[in-house]
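I have placed the structure first, in the form of structure tokens, so that the comments after it can refer back to it.
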Amino acid sequence: MRFYRPLDHILGAKSKVAVLRHLVQDDREQSGREIARAVGLSPKPLNQVLARLADEGMLLRRNIGRVYLFRLNRNNRLVAELVVPLFEGEEELLNQALTKVLEGVPSVLSAILYGSVSRREEKPYSDVDLLVVTEDGTKAVEEMLEDRAMGFMRRYGNFLSFIVMSLAEFRQEYQERNDFLHEVLRTGRVVIGQLPLELVYGSD
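Residue 127 in the numbering used here is what sits at position 124 of the sequence shown, and the numbering runs on without skipping anything.
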């Protein structure tokens, strides 16, 4: 285990990041071939990454016949205190940020993330697009979100773009098969609140 700038040797290349992210999320013991399929790397460069991470103590490695199996070494202090929290925090970062934006906003029934961020195709300064469905009026909610969007921009560097609809408007647009709304529902994901079909038909 290195003590001077160990993350230089652990993270570094995108391929290492991809492998570590996958193994944090999937704790099974896996062959190199399984990991290669999961992260989209060809076998030769992947095997080099796995060997380096195992040499650094990040991975446990054992062989069965001619096959090596790998899993994250969660007993390693760097893994337990830095790597796992890093990737778990990465996964929750946006949800936590948007939940904070919506905290205390009245009458919100659902908030649906859509657009490039939802599709995981965003660039560093992509807008974060949010559809917010409220019980009735929308003006007070729009005013609160406009104010909070400024704080979101300062903190994350992304513009928070939102559309606010009342439940009645949402149901009407859904029944009329509004192209935009159906695309949002097809590609988006719920951040907080009810699922789209619960909004349309009720949650009971």
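Note that the Cβ used here is the ideal one computed from N, Cα and C, for glycine as well. As the structure is a prediction and not an experimental result, all values here were calculated from the model.
In this structure Lys19 is in contact with Val52, their Cβ atoms being roughly 6 Å apart against a cut-off of 8 Å.
Annotated three-state conformation of Ser121 is coil, per DSSP. If only uninterrupted beta strand (DSSP E) runs of at least 3 residues are considered, those enclosed by the region 85-129 are 111-117.
According to the DSSP assignment, Arg65 belongs to no alpha helix (DSSP H) but to the beta strand (DSSP E) extending over Leu62 to Ile67.
By the CB criterion at 7 Å, Gly196 and Ala114 fall inside the cutoff.
A distance below 7 Å between beta-carbons, with the five flanking residues on each side excluded, links Leu184 to the following residues of its chain, in chain order: Glu176 and Tyr177. For Leu23, the enclosing alpha helix (DSSP H) covers residues Lys17 to Gln28. If the five residues before and after Phe90 are omitted, its C-beta is found closer than 8 Å to the C-beta atoms of Leu23, Arg24, Val27 and Gln28, all from its own chain and listed in chain order. Take the alpha-carbon of Phe73 and the one of Arg122: they are about 30 Å apart. Going by beta carbons, Ala152 and Leu163 fall inside the 7 Å limit.
Contact annotation, Asp139 with Ser119: C-beta distance approximately 31 Å; criterion of less than 8 Å not satisfied. Residue burial annotation: Val194 is buried, with at least 16 other C-beta atoms found within 10 angstroms of its C-beta. Just so you know, the alpha carbons of Glu179 and Phe173 end up roughly 10 Å apart.
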